[in-house]
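Visitor: Please see the structure below; I have some questions.
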Amino acid sequence: MPLNIAIDGPSGAGKSTLAKRLAEDLKILYLDTGAMYRGIAYFVLDKGVDPADAEKVLPLLPDIEMTVSYDESSGVQQIVINGVNVTPHIREHRISFAASTVSKIPEVRLKLVELQRKIASERDCVLDGRDIGSYVLPNATRKIYLDAKPEVRAERRFKELSEKGALNGMSYEDVLSDVNKRDYQDMHRDFAPLVVADGAVVVDTSELNAEEVLKKIEEIVACK
Ligand code: DC
């Protein structure tokens, strides 16, 4: 059985930074499942379809062929849809909420879960997302739930967007409001919502820097 480490939690808790570093240290694959939902959201918006409109999203799904690959020199994960690399577009702020919205549609989730399970069954990997330990891989080798106070997560997100010059006039309060809206939507959907999975170790990163989080998680993974 491959080694599967599931890292779930709300946005801004530090999942991707941790998952990337952990995968590097363990020399295994990092699968960013949020990027897959972002890819679908980008595709749907690009077709002029509202991600909340399940009736219009559903007919698009059979035409979406997603592959996950890794850039040869940087190792960075790439999301390719129907042969087009959509990775450069999926980090835009507008895509974050659209991904959360489209991810409420069960058929969207099932399509991506199938691909996630396939990858996880073939390779040792660290996966981050919202439902990895609870739904995608309930028998994952280790399950971690990373959390932090909404204000801290919004501060991190605000800093990240401002460093990228991508704030587009948004204030810290706007970012905090978006974080809260996305948390609510991710935690209250009917199918595979964000929950603390059975057997998950909860780590609050509010007062920790990235190094401290990594150290703590490496101890958990090694069962020290
Ligand atoms: O991790 P992220 O911010 O890139 O994820 C974007 C959205 O995708 C998130 O708000 C909810 C959805 N998502 C999900 O429903 N399940 C996952 N395993 C990963 C992401």
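Counting in this note's numbering, the sequence shown runs from 1 upward without gaps. A virtual CB, placed ideally from N, CA and C, is assigned to each residue, including glycine.
Identify which residue in Val113, Ile144, Arg38 and Val196 has its Cα closest to the Cα of Ile220.
Guide: Along the sequence shown, one-based indexing puts residue 220 at 220. It is Ile144.
Visitor: Flag Thr17 as yes when its Cβ comes closer than 7 Å to any non-hydrogen atom of the ligand ATP, and as no otherwise.
Guide: Here the bound small molecules are the ligand DC; the ligand ATP is not part of this structure.
Visitor: Would you report the Cα separation of Leu18 and Ile7, rounded to the nearest angstrom?
Guide: As a first step, residue 18 is located in the sequence shown; it is residue number 18 there, counting from the start. As a first step, residue 7 is located in the sequence shown; it is residue number 7 there, counting from the start. Taking the straight line from one Cα to the other gives about 9 Å.
Visitor: Within 10 angstroms of the Cβ of Tyr139, are there 16 or more other Cβ atoms? Answer buried if so, exposed if not.
Guide: Taking the sequence shown and counting its residues from 1, the one referred to as residue 139 is at position 139. Note on residue identity: the sequence assigns Asn, not Tyr, to residue 139. So Asn139 counts as exposed.
Visitor: Relative to the alpha-carbon of Arg94, which residue among Leu110, Leu29, Met170 and Phe191 has its alpha-carbon at the smallest distance?
Guide: Numbered from 1 along the sequence shown, position 94 holds the residue referred to as residue 94. Checked all of Leu110, Leu29, Met170 and Phe191; the closest Cα to Arg94 is Met170.
Visitor: Gly12 and Arg153 - do their beta-carbons sit closer together than 8 Å?
Guide: Position 153 of the sequence shown holds residue 153. Position 12 of the sequence shown holds residue 12. Yes; because the gap between Cβ atoms is below 8 Å, this pair is in contact.
Visitor: In the DSSP assignment, what residue or residues form a beta bridge with Thr67?
Guide: Locating residue 67 in the sequence shown gives position 67, where the first residue counts as 1. Its beta-bridge partners are Val80.
Visitor: Determine the contact status of Asp183 and Leu29, defining contact as a CB-CB distance below 8 Å.
Guide: Numbered from its first residue, the sequence shown carries residue 183 at position 183. Numbered from its first residue, the sequence shown carries residue 29 at position 29. For Asp183 and Leu29, no; Cβs fall outside 8 Å.
Visitor: For Arg130 versus Leu194, is the C-beta distance shorter than 8 Å?
Guide: Counted from its first residue, the sequence shown places residue 130 at position 130. Counted from its first residue, the sequence shown places residue 194 at position 194. Yes.
Visitor: Since Arg142 is in the beta strand (DSSP E), which residue starts that stretch and which ends it?
Guide: Within the sequence shown, the letter at position 142 stands for residue 142. Arg142 -> beta strand (DSSP E) spans Arg142 to Asp147.
Visitor: Assess contact between the segment 35-49 and the segment 83-101, defined as three or more Cβ pairs (one per stretch) separated by less than 8 Å. Is contact present?
Guide: The segment 35-49 is in contact with the segment 83-101.
Visitor: In chain order, what residues of the same chain lie with their CB nearer than 7 Å to the CB of Asn180, ignoring the 5 residues before and after it?
Guide: If you number the sequence shown from 1, residue 180 lands on position 180. Closer than 7 Å at the Cβ level, and outside the excluded window around Asn180, lie Pro150.
Visitor: Could you pull the DSSP bridge partners for Cys223 from this structure?
Guide: Start at 1 with the first residue of the sequence shown, and residue 223 comes out as number 223. Bridge partners of Cys223: none, in fact.
Visitor: Is Gly129 a contact residue of the ligand DC, with contact defined as CB to any heavy atom under 7 Å?
Guide: For the purposes of this step, residue 129 is taken as residue 129 along the sequence shown, with counting starting at 1. Checking every heavy atom of the ligand DC against the Cβ of Gly129, one is found closer than 7 Å.
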